[in-house]
Amino acid sequence: MEVAQTSTPVLEPESSKLRSVGEKGEALDLYLENISELNNLSSLYLFGKLEDQSIKSLFPNTDYFCLSDLTLSASGLKEDPMPTLGSLPKLKSLSFHLGSFKGKEMVCLGKGFPELLVLKLGKLESLEEFQVEEGAMQKLRELDIRCCNKLKVPTGLKHLKSLQELKLTNMPENFTTTIEKKKWQIWDDTAHPPRITKDHLSGK
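Residue numbering for the sequence shown follows full-length UniProt numbering, starting at 1 and increasing by one per position.
Listed below in structure tokens is the structure:
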């Protein structure tokens, strides 16, 4: 459902898709006041600016949320959301789309994201550093990185013991080459390093 710039969206149980857009399709401010009351929400898609709201204010008591699927787009977040999102106990899929994060660094803290299976980082134009601490994302199977042109090779990839596939789409050649060359070095204590797939989509 689409919401006006100054409206407070009415959330539906279990699954909600909330958008705040202008006449030309541009992202407007998305005001969320009652999301913390919906502990039974399992899937949430947010399109709109959250610059004046931190992720921590949206999820003040992460232990009580049942959220398993979260997608953020055009959020304009400046503070690293990973420490808070990593505390969501049942989160299995997390996607960042264009303009969702404007900071330079993301850090996945140890023991964070205990149930996460899929992580997608798409078109995060300012992201330079992505760090995985030991103990984080122990069940992650798929890591999808797309059009993050400033991103350096993430540190701590070796801690992703369950990773089965690393998808790289429209990433700089030096990034993909470094990953491929150092694959066995990165996952030196893993019997089966993840499958690395590369793709280049024109116009993306």
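Even glycine gets a Cβ: it sits at the ideal position worked out from N, Cα and C.
All of these numbers come straight from a predicted model, not from anything done at the bench.
Between the beta-carbon of residue i and the beta-carbon of residue j, is there less than 8 Å?
i	j	result
L77	K102	yes
S73	L98	yes
E142	V118	yes
S95	G112	no
K104	E79	no
residue 222	Q138	Residue 222 is absent from the structure shown; the chain starts at 1 and stops at 204.
L168	I145	yes
List the residues that DSSP assigns as beta-bridge partners of residue i.
i	result
R195	E165
V153	According to DSSP, V153 bridges with nothing at all.
Going by other Cβ atoms of all chains shown within 10 Å of its Cβ, with 16 needed for buried, is residue i buried or exposed?
i	result
S15	exposed
I196	exposed
H200	exposed
How big is the Cα-Cα spacing for residue i and residue j?
i	j	result
T71	L124	14 Å
N174	P193	20 Å
S61	K181	Per the sequence shown, residue 61 should be read as Asn rather than Ser. Taking the straight line from one Cα to the other gives about 42 Å.
V132	K17	29 Å
L116	L30	26 Å
D188	I179	13 Å
K49	E134	32 Å
S202	Y64	42 Å
I186	L85	26 Å
K83	P172	Reading off the sequence shown, one finds Pro at residue 83, where the question assumed Lys. Using only the alpha carbons, I get a separation of about 27 Å.
K198	C147	12 Å
Item to complete: Pick out the complete alpha helix (DSSP H) segments inside the region 157 to 193, 4 residues or longer, and give them in chain order.
Response: 173 to 181, 183 to 186
Worksheet entry | Any beta strand (DSSP E) of 3 or more consecutive residues that is wholly inside the region 88 to 117 | 93 to 96, 105 to 108
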